[in-house]
Amino acid sequence: MPKVYAVANQKGGVAKTTTVHALGTALAALGDRVLLVDLDPQACLTFSTGTDPDALERSVHDCFVRDVPAVDVVTKVGDLVLLPASIDLAGSELFLLGKTGREFALKKVLAPIKGDYDVVLIDCPPSLGVLTIGALTAADAVIIPMQCEALSERGVAQLVETISDVREFTNPALEIAGVIATMFDGRTVEGRRVLDDVASKTGLRVLEPPVKRSVRIAEAPTAHRSIVDHAPKHAGAEAYRRLAEQLR
């Protein structure tokens, strides 16, 4: 059975997209068939894979609004398969708000193709709106990227509350795979404190190793590659490879 992960944190700028792309690349290198799902209207994951969001004839938006089968929308990007996004996805959120069973929309879209993959990674938007709730409803587990600072720590606590609600109403089997510390600077007292607090206060598993702040990681999307391909010997690439092995 495929494993579906929602990569979520309603705070923006915590490396959700970077984490989805890097983990997907690392898992594909281990032999897994990987589907990436871009559920963010900003379409950063789509752009990062080298796919132009503005030139797409179809995106996941069409799956939601026009019932276009996902198999007709997915595109091959290297060793990965992508269900891409475009700015039109912002309209999907408004459309779904008026639909009965909107929380299950993504699960319905993925159902016919999910069995073709070993791992599905969903890049969630930086909000707790209907798209993120849909991702949590469709997922088996949640991966939470977290920048080690106070505001991001607060965001994790809010996300955990949302996950609790999702378990109660739409997906009782939803698990939390763990927290990934991103843009981590172990030299700072604040970074180490936040990482320790998350583990002790929430009881969440902190996946090792943390991914350290790096210019090479930040520049990888411009090259339309994940850090694992862009700089395979870099410490960030090695960190994501080790994290991928843990998820397996």
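Residue 46 in this note's numbering sits at position 46 of the sequence shown, and the numbers go up by one each step. C-beta: ideal position from N, C-alpha, C; glycine also.
Exercise. Per DSSP, which one or two residues make a beta bridge with Leu-83?
Worked result: Val-37
Exercise. Going straight from the alpha carbon of Asp-116 to that of Lys-99, what length do you get?
Worked result: 28 angstroms
Exercise. To the nearest angstrom, how far is it from the Cα of Leu-80 to the Cα of Glu-245?
Worked result: 17 angstroms
Exercise. Which residues in the same chain as Arg-213 place their Cβ atom closer than 6 angstroms to its Cβ, once the five residues preceding and following it in sequence are excluded?
Worked result: Met-183, Asp-185
Exercise. Short check: CB of Val-130 to CB of Lys-3, under 7 angstroms?
Worked result: no
Problem set entry | Option in Leu-83, Gly-78, Val-65 with minimal Cα separation from Asp-72 | Leu-83
Problem set entry | Pairwise C-alpha distance: Thr-170 and Asp-140 | 12 angstroms
Exercise. Can you find at least 3 beta carbon pairs, one from the stretch 187-194 and one from the stretch 144-157, that sit closer than 8 angstroms?
Worked result: When C-beta atoms of the stretch 187-194 are compared with those of the stretch 144-157, three or more pairs fall below 8 angstroms, so the two segments count as touching.
For this session: Give the secondary structure of Lys-114 by DSSP, where H, G and I count as helix, E and B as strand, and everything else as coil.
Result: In the three-state DSSP reduction, Lys-114 falls in the helix class (H, G or I).
For this session: Would you kindly work out how many angstroms separate the C-alpha atoms of Asp-196 and Gly-178, rounded to a whole number?
Result: 14 angstroms
Exercise. Hey, quick one: how far does the beta strand (DSSP E) through Thr-222 stretch, first residue to last?
Worked result: Taken as a continuous stretch (DSSP letters only), Thr-222 belongs to no beta strand (DSSP E), as it is neither H nor E.
Exercise. Roughly how many angstroms separate the alpha carbons of Leu-89 and Ser-200, rounded to a whole number?
Worked result: 37 angstroms
For this session: Return yes when the Cβ of Ala-239 is within less than 7 angstroms of the Cβ of Val-228, no when it is not.
Result: No, Cβ-Cβ distance for Val-228 and Ala-239 is not below 7 angstroms.
Problem set entry | Collapsed DSSP secondary structure at Pro-69 in the structure displayed | coil
Exercise. Near His-224, what residues of its chain come up, given a Cβ to Cβ distance below 8 angstroms and the 5 sequence neighbours on each side ignored?
Worked result: Phe-47, Ser-48, Thr-49, Gly-50
Exercise. How many angstroms separate the CA atom of Pro-112 from the CA atom of Gly-101?
Worked result: Cα-Cα distance, rounded: 18 angstroms.
Exercise. How many angstroms separate the CA atom of Asn-9 from the CA atom of Pro-145?
Worked result: Taking the straight line from one Cα to the other gives about 7 angstroms.
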